[in-house]
Amino acid sequence: MGIEIETKQEDIYTALDPRMKLILLILFTTATYISRSTWVLLWDYLLIIGLYLVRHLWKGAWKTGILFGSFLVLELLIGYIPHEGTKAALGLIIFFLERTSIFFVMGNWMATKLRISDFVAALQNMHFPKGVIITLAVVFRYLPTVSDEFRSIKNTMKLRGIGLNFKNIILHPIQTGEYAIVPLIIRSMKIADELAASAMTRGLDLETKRTSYRKIRLRVKDFMAAGIVIIAVAGGFVVDTILRKGGV
Amino acid sequence: MNVRDYITTAIMFVLMFIVFSAVGTPVGMTVVGNLFVFAVCAILWGTIYLLLYTKVNKKGVCLLFGMILAVLMLMNFWAMSLVLAIGAIIAEVVWRKLNRQKFSTMLICFTIQTVFWYLAMTLPLIFLKDLYLDAVPAYAELYGAVYNLIVGPVFFVGLAVTILGCVIGAFLGRVLLKKHFLKAGIV
Amino acid sequence: MIRMEDVSFRYSNSKGDALKHINLHIHQGEFVVLLGSSGCGKTTITRLINRLVPEFFEGELEGNVYIDGRDTSDMDIQDLTGIVGSVFQDPRSQFFATDTTAEIAFSCENVGLSREELCRRMEMAVNDLQIRRLLERSIFELSSGEKQSIAIASVYALSPKILVLDEPSANLDSAATQHLMEILDSLKKQGYTIVISEHRVHYLRDIADRVILIENGKIKKEISGKDFRNLSNEEANAMGLRSINLLSVLPQGSCCHTGEKQIELKDISYYYGKSNGPLRNITFSAGKGDIVGIIGSNGVGKSTLLEIICGLKKEISGSFLMSGKPVNQKIRNRDTFFVMQDSDYQLFTESVEKELYLGNIENDFLREKGMSLLNRMGLSDYLQRHPASLSGGQKQRLCIAVACMKNTDMICFDEPTSGLDYTSMKNVSSLLYELSQDGKTLFVTSHDYEFLMSTCTHICYLHAGKVEDYFEVSRKTAPKIYQILFQKEEKR
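So the protein lines, in turn, are chains A, B and C.
The opening residue of the first sequence carries number 0 in numbering that gives the first Met the number 0; numbering runs sequentially from there.
The opening residue of the second sequence carries number 0 in numbering that gives the first Met the number 0; numbering runs sequentially from there.
The opening residue of the third sequence carries number 0 in numbering that gives the first Met the number 0; numbering runs sequentially from there.
Structure below.
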């Protein structure tokens, strides 16, 4: 069966079950949000970069490393600012940036080379309602292309003299907003209709249970991989608590 | 709700999210800005939500929309998702009780969903205050002061501004709906 | 196989009937082409077959439609899933999945087939349509022609008895259109009943069994395949159809050489990312009143070149001269205009009238100019209509009118005639001619051989990121142009 053979040729690391990815995601976000000290944060950051490396996403690992690195460096530098007020304000900003950036970093990790079909198959297995699955699938399908659509609109606005530059936004905000949003909405609605027509004529509306050509099963290595990561993250916490209680 | 409704909801969600990313990033760079970002976004969101509610005028649309947001917010912090899920359920209950055709109903449900997103961003701050203050012992005092400011009066100011933004956005949305989308035959 | 008895239909929001008393009988295995000008009703007929009318596009339906002997009045769209396969016009918005393999599996998954059956059918589709090289790729990377092939494969996997296609070649270049014809031919040989609504009919010349002309919602004429092949271009054009025999279409544009150079590009280079082809050392010049047709396969960088000319993208190196003076990106932005392929991105206001005056200060002169332009475009009755409520062809004409209002010396057009019928195409052609008479220089990218022949004075052939050739359009060079357009697409 030719198709089977082709889809099996994947890295053993990239073939991590999406449910595992989801659990890891929740784990990391919680960990960073409630991390008590910068050291734990650093440890978590290193683990995340590790996640990227394990999937052979070199570019992603590099970019993440730079992002996290700059956050930590900034935090260090802020410590040297004499003025208390600025120090606190800037410190708070960095604090939240360090945590909310997880959203984009982990989102990127999940989304890189994500097959929507794997995602959909996993959700179907978990007995999510069909409507939610369809909606999520379309969100991930449309998200990458909408920026292209908007780019064309922006370009035409520039040529017609109503472009998205500072002057127009400050002087005529509502009008400029209208010019930007209305064609985007009209175009999006048209795409929604065409997508729906195409999907419905191919039977998406049918009551029968959807099958999937992908095999999604939790395998031993999924549990092992997840287990390693959980231990690593928890370990970071434990070590930190011990050091705190024992030391300073 | 049928396939067409799900797809329309998904597309509108993407548009809403794009507005959030585009507007939210410059405005919400600061922690304080984070509180007002929803007010600004709501002005643009009004059109999107109104269009969604008008085109998909069925039971379940508020719940679906809110749940998708909750699922996506799992990438941030599960506590936020919880708040958003609660907001989605409340909005759906209101949606079913009131007359779905009326503008006022749409305005209320839109405001509920936006306000709960605001709460999702701010409530974790309030409840985990001790945790945060522990994390930065070096400037704990000053942080404490700034922090108390944020979770105190500024919280309510932000809440009020967000609601105001929703109202403006909804009315703006109604104007645009009549001016463009009805005439264009989209609705 | 398909029978329509006294079918009339009116869309919900419209005043007139889209179809009036249609009687149509299509036999099993027949290849039927529906032709007619925009808005004549041919798309509506295709929608009757897959039940999108009246389930998706609401309205009042009278009469009976029978598919494979069954009355469709109590059937839903989903009931016809395994019987009718539909392929739509825009390849970009037909995809549900993000990779090709999943898209082919999509329809089988919906029906709930077992995994073994699924894989078997996917194998069959991939083999029969010869698209194995397209497997396991991201949909966003494919060309329009490849996307269209995947769309057909997805529908093919369910082995439907009937295939319905709505202007499938509208967004394809010539090589992809040839490939489409080959696929359709092989499907016909396998016994599929195929119904296509189209404008560009030249590629279907040899495989159509019957051609049906629709006008104003009624069947005007039915022509057998044999008679159709024997039609001359003039006879076809008289019926409002695009030319059937492209080889015999001859250039008509006459050069108004003023000798003055309007614009010069010297060594322009541009590259961005891995996806788009880079442009290297683009050098050419065009004079006042020249209409330059830019041709080349999809993805070579034609649209990018136009964007650079109009100042929407900044060139990496090289220089631009307009009327002998160097111009940078900002000035180009101000002094040029770009009419894009998709009119949805270019209309911003709530009425046709306001659209014309957007970005300009209203005064009497402008108003007069606007009205005369609308008259020429046949849009004067639509002054207060919302631009988004116009038909595709009307929107395109409005965009061109808007372009004329800006009054720049240089205008770029990206595929202005895709999806236009013969009369509209001729309208656009004559309008471009008038613009060039005013001394403007026009750049047009197009795959439309007929249009290029009627309009352009010069051809710029882009290949592998360079200007492979730049020459005048004449009877001598016509075969060369034909050859370039219809050569086989290079295997990637």
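Beta carbons are placed, not taken as given, at the ideal position from N, Cα and C, and that holds for glycine.
Let me see if you follow: with CB-CB separation under 9 Å, is residue 477 of chain C close to chain B or not?
Cβ-Cβ to chain B under 9 Å: no for residue 477 of chain C.
Keeping to the same chain, check which residues put their C-beta closer than 8 Å to that of residue 202 of chain C; ignore five residues upstream and five downstream.
Hits under 8 Å: 168, 176, 177, 179 and 180.
Taking 9 Å as the threshold (beta carbon to beta carbon), is residue 98 of chain B in contact with chain A?
Output row for residue 98 of chain B: interface = no.
Please confirm whether residue 130 of chain C and residue 116 of chain C have their CB atoms less than 9 Å apart.
By the CB criterion at 9 Å, residue 130 of chain C and residue 116 of chain C fall outside the cutoff.
Listing by chain order, which chain C residues have their CB less than 8 Å from the CB of residue 54 of chain B?
Here the premise fails: no neighbours, minimum Cβ distance about 13 Å.
Using Cβ-Cβ distances below 7 Å, what residues of the region 106-121 of chain C are close to chain A?
Going along the region 106-121 of chain C in chain order, one finds 106, 108, 109, 110, 111, 112, 113, 114, 117, 118 and 121 with a Cβ nearer than 7 Å to chain A.
So that I know if they touch, is there some Cβ in chain A lying closer than 9 Å to that of residue 180 of chain B?
Interface residue, yes.
Distance between residue 462 of chain C and residue 489 of chain C (C-alpha atoms, nearest Å)
Low local confidence applies: a pLDDT of 44 at residue 489 of chain C is under 50, so the model's placement there is unreliable, with the coordinate-based value given in what follows. Annotation: residue 489 of chain C to residue 462 of chain C spans about 11 Å, alpha carbon to alpha carbon.
What separation, rounded to the nearest whole angstrom, lies between the Cα atoms of residue 116 of chain B and residue 95 of chain B?
Between residue 116 of chain B and residue 95 of chain B, the C-alpha separation is close to 21 Å.
Less than 9 Å between CB atoms is the rule here; does residue 144 of chain A satisfy it with respect to chain C?
True, the Cβ-Cβ gap to chain C drops below 9 Å.
Hey, could you find the ends of the beta strand (DSSP E) residue 279 of chain C is sitting in?
First-last of the beta strand (DSSP E) with residue 279 of chain C: 278-286.
Pair every Cβ in the region 120-131 of chain A with every Cβ in the region 55-72 of chain B, then say whether three or more of these pairs are closer than 8 Å.
The region 120-131 of chain A is in contact with the region 55-72 of chain B.
Element boundaries [beta strand (DSSP E), containing residue 468 of chain C]
Residue range 465-471 is occupied by the beta strand (DSSP E) that includes residue 468 of chain C.
Can you give me the start and stop residues for the alpha helix (DSSP H) that residue 225 of chain C sits inside?
According to the DSSP assignment, residue 225 of chain C belongs to the alpha helix (DSSP H) that extends over 224-228.
Partner residues on chain A for residue 183 of chain B, Cβ-Cβ distance less than 7 Å:
Neighbourhood of residue 183 of chain B in chain A, by CB distance below 7 Å: 185, in chain order.
Continuous beta strand (DSSP E) stretch holding residue 118 of chain C: start and end
The continuous stretches of beta strand (DSSP E) do not include residue 118 of chain C, which lies in the alpha helix (DSSP H) extending over residues 114-128.
State yes or no: is the beta carbon of residue 8 of chain B nearer than 9 Å to at least one beta carbon in chain A?
Residue 8 of chain B counts as touching chain A.
Min CB distance residue 73 of chain B to chain A below 9 Å:
True, the Cβ-Cβ gap to chain A drops below 9 Å.
Looking only at its chain, what residues have a beta carbon closer than 6 Å to the beta carbon of residue 42 of chain B, apart from the 5 residues adjacent to it on each side?
If we look at residue 42 of chain B and ignore the five residues flanking it on each side, its Cβ neighbours are 164, 167 and 168.
Using 9 Å as the limit for Cβ to Cβ distance, is residue 344 of chain C near chain A?
It does: the Cβ of residue 344 of chain C has a partner Cβ on chain A nearer than 9 Å.
Just mark residue 11 of chain A as buried or exposed, buried being the case when its beta carbon has 16 or more other beta carbons within 10 Å.
For residue 11 of chain A, the predicted model reports a pLDDT of 42, less than 50, meaning its position is unreliable and no value from the coordinates is stated.
Over what stretch of residues does the alpha helix (DSSP H) that includes residue 170 of chain B continue unbroken?
Boundaries of the alpha helix (DSSP H) harbouring residue 170 of chain B: 152-175, taken from the DSSP string.
Chain A contact for residue 166 of chain B (CB, 9 Å cutoff):
No, residue 166 of chain B lies away from the interface with chain A (no Cβ there is under 9 Å from its Cβ).
Anything in chain A within Cβ reach of residue 339 of chain C, meaning under 9 Å, just list it in chain order.
Residues of chain A passing the Cβ test: 151, 154 and 155.
Give a yes or no on whether the minimum CB-CB distance between residue 396 of chain C and chain B is below 9 Å.
Closer than 9 Å: no.
The region 22-52 of chain C: positions lying closer than 7 Å to chain B by Cβ
Answer in chain order: no residues at all.
Please check if any C-beta of chain C sits within less than 9 Å of the C-beta of residue 257 of chain A.
No statement about residue 257 of chain A is possible, as the shown extent of chain A runs from 0 to 247 and does not include it.
Under 9 Å between C-beta atoms, does residue 8 of chain A make it to chain B?
In this prediction, residue 8 of chain A scores a pLDDT of 39, lower than 50, which makes its location untrustworthy; the coordinate-derived value is nonetheless stated afterwards. For residue 8 of chain A, the nearest beta carbon of chain B is not closer than 9 Å to its own beta carbon.
Residues that DSSP places opposite residue 460 of chain C in a beta bridge:
According to DSSP, which records beta bridges pairwise, residue 460 of chain C is partnered with C/294 and C/468.
Residues of its chain near residue 173 of chain C, where Cβ-Cβ distance is below 7 Å and the 5 sequence neighbours each way are ignored:
Excluding sequence neighbours, residue 173 of chain C sits near 446, 484 and 485.
So is residue 159 of chain B buried or exposed if we call it buried at 16+ other beta carbons inside 10 Å?
That one is exposed.
To the nearest angstrom, how far is it from the Cα of residue 95 of chain C to the Cα of residue 162 of chain C?
Distance between the alpha carbons of residue 95 of chain C and residue 162 of chain C is about 19 Å.
Look at the alpha carbon of residue 6 of chain A and the alpha carbon of residue 245 of chain C, and state the distance between them as a whole number of angstroms.
Any answer about residue 6 of chain A is weak, because its pLDDT of 47 lies below 50 and its placement is not dependable; what the coordinates show is given next. Cα to Cα, the separation comes out at about 43 Å.
Cut-off 7 Å between Cβ atoms - residues of its own chain near residue 9 of chain A, not counting five sequence neighbours on either side
Because residue 9 of chain A carries a pLDDT of 45, less than 50, the predicted location of this residue cannot be relied on, and the following value inherits that uncertainty. Annotation for residue 9 of chain A: no residue places its beta carbon closer than 7 Å to its own, counting only its chain and skipping 5 residues before and after.
Output, in chain order, the set of chain B residues within a Cβ distance shorter than 8 Å of residue 204 of chain A.
Identification of chain B residues near residue 204 of chain A by a Cβ-Cβ cut-off of 8 Å yields 1 and 2, ordered along the chain.
Return helix, strand or coil for residue 188 of chain C, following the three-state DSSP convention.
Three-state DSSP puts residue 188 of chain C in a helix.
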